[in-house]
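To keep things clear, I will list the structure first and then write my remarks on it.
Here you go:
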(Lines of atoms letter the chains of each structure in order from A and count residues from 1; the text may use other names and numbers.)
(Lines give C-alpha, C1' and ligand atoms only; values in the text may rest on other atoms or scores of the structure.)
Protein backbone atom coordinates (compact mmCIF):
# COMPACT_ATOMS: atom_id res chain seq x y z
CA UNK A 1 0.00 0.00 0.00
CA UNK A 2 1.31 3.51 -0.93
CA UNK A 3 1.04 6.36 1.56
CA UNK A 4 1.00 10.05 0.50
CA UNK A 5 2.19 12.78 2.82
CA UNK A 6 -0.76 15.13 2.33
CA UNK A 7 0.76 17.77 4.61
CA UNK A 8 3.59 18.34 2.12
CA UNK A 9 1.16 18.57 -0.80
CA UNK A 10 -0.91 21.16 1.04
CA UNK A 11 2.14 23.23 1.97
CA UNK A 12 3.48 23.11 -1.59
CA UNK A 13 0.10 24.16 -2.92
CA UNK A 14 -0.07 27.10 -0.54
CA UNK A 15 3.41 28.27 -1.51
CA UNK A 16 2.63 28.03 -5.23
CA UNK A 17 -0.65 29.90 -4.81
CA UNK A 18 1.09 32.61 -2.79
CA UNK A 19 3.77 33.15 -5.46
CA UNK A 20 1.22 33.29 -8.29
CA UNK A 21 -1.17 35.55 -6.42
CA UNK A 22 1.62 38.05 -5.81
CA UNK A 23 2.56 38.20 -9.50
CA UNK A 24 1.22 41.18 -11.44
CA UNK A 25 1.12 41.39 -15.21
CA UNK A 26 4.31 43.02 -16.51
CA UNK A 27 4.11 46.48 -18.03
CA UNK A 28 2.98 46.38 -21.65
CA UNK A 29 4.79 48.88 -23.88
CA UNK A 30 2.91 50.33 -26.84
CA UNK A 31 4.16 52.79 -29.47
CA UNK A 32 1.91 55.19 -31.39
CA UNK A 33 3.05 56.88 -34.59
CA UNK A 34 0.77 59.88 -35.07
CA UNK A 35 0.88 62.45 -37.86
CA UNK A 36 -0.91 65.68 -38.73
CA UNK A 37 -3.67 64.46 -41.01
CA UNK A 38 -5.44 67.46 -42.50
CA UNK A 39 -4.84 70.93 -43.86
CA UNK A 40 -6.54 72.54 -40.84
CA UNK A 41 -4.44 70.70 -38.26
CA UNK A 42 -1.25 72.71 -38.68
CA UNK A 43 -1.80 76.44 -38.41
CA UNK A 44 -0.04 79.53 -37.11
CA UNK A 45 -0.55 82.83 -35.35
CA UNK A 46 1.39 85.90 -36.37
CA UNK A 47 2.71 88.63 -34.10
CA UNK A 48 -0.42 90.67 -34.88
CA UNK A 49 -2.64 87.89 -33.53
CA UNK A 50 -4.15 86.70 -36.80
CA UNK A 51 -4.58 82.93 -37.04
CA UNK A 52 -4.22 81.31 -40.46
CA UNK A 53 -3.93 77.83 -41.96
CA UNK A 54 -0.39 77.06 -43.03
CA UNK A 55 0.70 76.78 -46.63
CA UNK A 56 3.32 74.27 -47.78
CA UNK A 57 6.10 75.39 -45.41
CA UNK A 58 6.63 76.95 -42.00
CA UNK A 59 9.61 79.03 -40.97
CA UNK A 60 10.02 78.11 -37.31
CA UNK A 61 10.01 80.75 -35.84
CA UNK A 62 10.05 83.96 -37.81
CA UNK A 63 7.84 86.94 -36.94
CA UNK A 64 5.08 85.72 -39.28
CA UNK A 65 5.25 82.16 -37.97
CA UNK A 66 5.88 83.06 -34.35
CA UNK A 67 3.39 80.61 -32.86
CA UNK A 68 2.43 77.30 -34.46
CA UNK A 69 -0.21 74.70 -33.58
CA UNK A 70 -0.03 71.02 -34.51
CA UNK A 71 -3.11 68.83 -33.90
CA UNK A 72 -3.00 65.03 -33.75
CA UNK A 73 -6.18 62.95 -33.98
CA UNK A 74 -7.08 59.57 -32.48
CA UNK A 75 -4.48 59.56 -29.72
CA UNK A 76 -5.28 56.10 -28.39
CA UNK A 77 -3.45 56.43 -25.08
CA UNK A 78 -5.52 55.26 -22.10
CA UNK A 79 -6.10 57.74 -19.31
CA UNK A 80 -3.23 57.97 -16.82
CA UNK A 81 -1.00 55.63 -18.83
CA UNK A 82 2.69 56.03 -18.06
CA UNK A 83 4.31 57.91 -20.96
CA UNK A 84 7.82 56.53 -21.30
CA UNK A 85 8.70 58.80 -24.24
CA UNK A 86 7.08 61.27 -26.62
CA UNK A 87 8.96 62.97 -29.45
CA UNK A 88 7.76 65.70 -31.77
CA UNK A 89 9.21 65.50 -35.27
CA UNK A 90 9.01 67.92 -38.21
CA UNK A 91 9.95 67.42 -41.85
CA UNK A 92 12.85 69.55 -43.01
CA UNK A 93 13.66 70.43 -46.63
CA UNK A 94 17.23 71.06 -47.74
CA UNK A 95 17.17 74.75 -46.81
CA UNK A 96 17.30 76.30 -43.37
CA UNK A 97 18.47 73.16 -41.60
CA UNK A 98 21.49 74.59 -39.78
CA UNK A 99 20.04 77.74 -38.22
CA UNK A 100 19.61 78.12 -34.48
CA UNK A 101 16.21 77.87 -32.80
CA UNK A 102 15.03 79.03 -29.39
CA UNK A 103 11.55 78.38 -28.08
CA UNK A 104 9.20 76.11 -26.21
CA UNK A 105 6.56 73.47 -26.86
CA UNK A 106 3.42 73.23 -24.70
CA UNK A 107 0.22 71.28 -25.06
CA UNK A 108 -3.33 72.58 -25.18
CA UNK A 109 -4.67 71.75 -21.73
CA UNK A 110 -8.00 70.28 -22.81
CA UNK A 111 -9.18 66.68 -23.02
CA UNK A 112 -10.06 66.82 -26.74
CA UNK A 113 -8.23 69.51 -28.70
CA UNK A 114 -10.53 71.41 -31.10
CA UNK A 115 -9.82 72.03 -34.77
CA UNK A 116 -8.58 75.37 -36.09
CA UNK A 117 -11.30 78.03 -36.26
CA UNK A 118 -9.42 81.05 -37.61
CA UNK A 119 -10.19 83.20 -34.57
CA UNK A 120 -7.75 85.96 -33.62
CA UNK A 121 -5.19 85.04 -30.94
CA UNK A 122 -6.29 81.43 -31.23
CA UNK A 123 -2.96 80.06 -30.00
CA UNK A 124 -2.00 82.72 -27.46
CA UNK A 125 -5.44 82.58 -25.79
CA UNK A 126 -5.64 78.79 -25.55
CA UNK A 127 -5.14 77.05 -22.16
CA UNK A 128 -1.69 75.51 -22.00
CA UNK A 129 0.03 72.79 -20.01
CA UNK A 130 2.29 73.61 -17.11
CA UNK A 131 4.73 71.09 -18.56
CA UNK A 132 6.97 72.57 -21.20
CA UNK A 133 9.62 71.28 -23.59
CA UNK A 134 12.49 73.65 -24.30
CA UNK A 135 13.90 73.90 -27.82
CA UNK A 136 17.42 75.27 -27.60
CA UNK A 137 19.50 75.08 -30.77
CA UNK A 138 18.93 71.45 -31.76
CA UNK A 139 21.58 69.78 -33.92
CA UNK A 140 21.63 70.34 -37.66
CA UNK A 141 18.76 68.47 -39.26
CA UNK A 142 18.89 66.03 -42.15
CA UNK A 143 17.32 67.49 -45.29
CA UNK A 144 14.23 65.85 -46.80
CA UNK A 145 13.48 63.85 -43.68
CA UNK A 146 11.61 63.99 -40.41
CA UNK A 147 13.81 65.29 -37.61
CA UNK A 148 13.41 65.43 -33.85
CA UNK A 149 12.31 68.86 -32.63
CA UNK A 150 11.52 68.29 -28.95
CA UNK A 151 11.07 65.72 -26.20
CA UNK A 152 7.44 66.31 -25.17
CA UNK A 153 7.08 63.41 -22.73
CA UNK A 154 6.04 65.56 -19.77
CA UNK A 155 3.61 67.57 -21.92
CA UNK A 156 1.81 64.46 -23.19
CA UNK A 157 1.73 62.99 -19.69
CA UNK A 158 -0.01 66.07 -18.29
CA UNK A 159 -2.73 65.86 -20.95
CA UNK A 160 -3.51 62.15 -20.53
CA UNK A 161 -3.65 62.68 -16.75
CA UNK A 162 -6.54 65.16 -17.11
CA UNK A 163 -9.70 63.96 -15.34
CA UNK A 164 -11.85 63.55 -18.46
CA UNK A 165 -9.19 62.38 -20.91
CA UNK A 166 -10.32 59.42 -23.05
CA UNK A 167 -8.36 57.21 -25.42
CA UNK A 168 -8.92 58.36 -29.00
CA UNK A 169 -9.18 62.07 -28.22
CA UNK A 170 -7.29 64.74 -30.16
CA UNK A 171 -4.13 66.37 -28.79
CA UNK A 172 -2.60 69.69 -29.79
CA UNK A 173 0.95 70.98 -29.34
CA UNK A 174 1.96 74.65 -29.56
CA UNK A 175 5.39 75.77 -30.78
CA UNK A 176 6.15 79.20 -29.34
CA UNK A 177 9.19 81.23 -30.35
CA UNK A 178 11.53 82.83 -27.86
CA UNK A 179 13.67 84.48 -30.51
CA UNK A 180 12.45 85.35 -34.01
CA UNK A 181 15.86 86.31 -35.36
CA UNK A 182 16.74 82.73 -36.36
CA UNK A 183 14.62 79.95 -37.73
CA UNK A 184 14.42 76.66 -39.58
CA UNK A 185 12.07 75.81 -42.42
CA UNK A 186 9.78 72.79 -42.23
CA UNK A 187 7.17 71.25 -44.48
CA UNK A 188 3.48 71.04 -43.59
CA UNK A 189 0.60 68.73 -44.46
CA UNK A 190 -0.21 70.96 -47.45
CA UNK A 191 3.21 70.29 -48.93
CA UNK A 192 2.44 66.55 -48.89
CA UNK A 193 0.50 64.43 -46.38
CA UNK A 194 3.61 62.33 -45.76
CA UNK A 195 5.50 65.47 -44.69
CA UNK A 196 3.17 66.53 -41.89
CA UNK A 197 4.57 66.75 -38.37
CA UNK A 198 4.74 63.54 -36.36
CA UNK A 199 4.23 62.69 -32.70
CA UNK A 200 5.79 59.42 -31.57
CA UNK A 201 4.42 58.26 -28.21
CA UNK A 202 5.50 55.22 -26.22
CA UNK A 203 3.49 54.30 -23.14
CA UNK A 204 3.13 51.48 -20.66
CA UNK A 205 0.23 49.95 -18.78
CA UNK A 206 0.60 47.86 -15.65
CA UNK A 207 -2.88 46.79 -14.62
CA UNK A 208 -1.80 44.89 -11.50
CA UNK A 209 -4.02 41.93 -12.34
CA UNK A 210 -3.57 38.91 -10.13
CA UNK A 211 -3.26 35.37 -11.49
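Numbering (our numbering), first residue to last: 86 to 296. Virtual Cβ for every residue (Gly too), placed ideally from N, Cα, C.
If you check the CB distance, residue 179 and residue 228 come in under 8 Å.
Per DSSP, the continuous alpha helix (DSSP H) segment holding residue 241 begins and ends at 238-245. Excluding five sequence positions before and after residue 239, the CB atoms of its chain that fall closer than 6 Å to its own CB belong to 216, given in chain order.
For residue 256, the enclosing beta strand (DSSP E) stretches over residues 254-262.
Following the DSSP letters along the chain, one finds residue 288 inside the beta strand (DSSP E) bounded by residues 283-290.
In this structure the segment 163-183 does not lie against the segment 202-211, because fewer than three pairs of beta carbons, one per stretch, are closer than 8 Å.
In the structure shown, residue 249 adopts coil according to DSSP, grouped into three states.
Residue 276 sits close to residue 141, with the two beta carbons spaced by under 8 Å.
The residue from 200, 283, 190 and 120 with its alpha-carbon nearest to that of residue 151 is 190. According to the DSSP secondary-structure assignment, residue 188 is paired through a beta bridge with 220 and 262.
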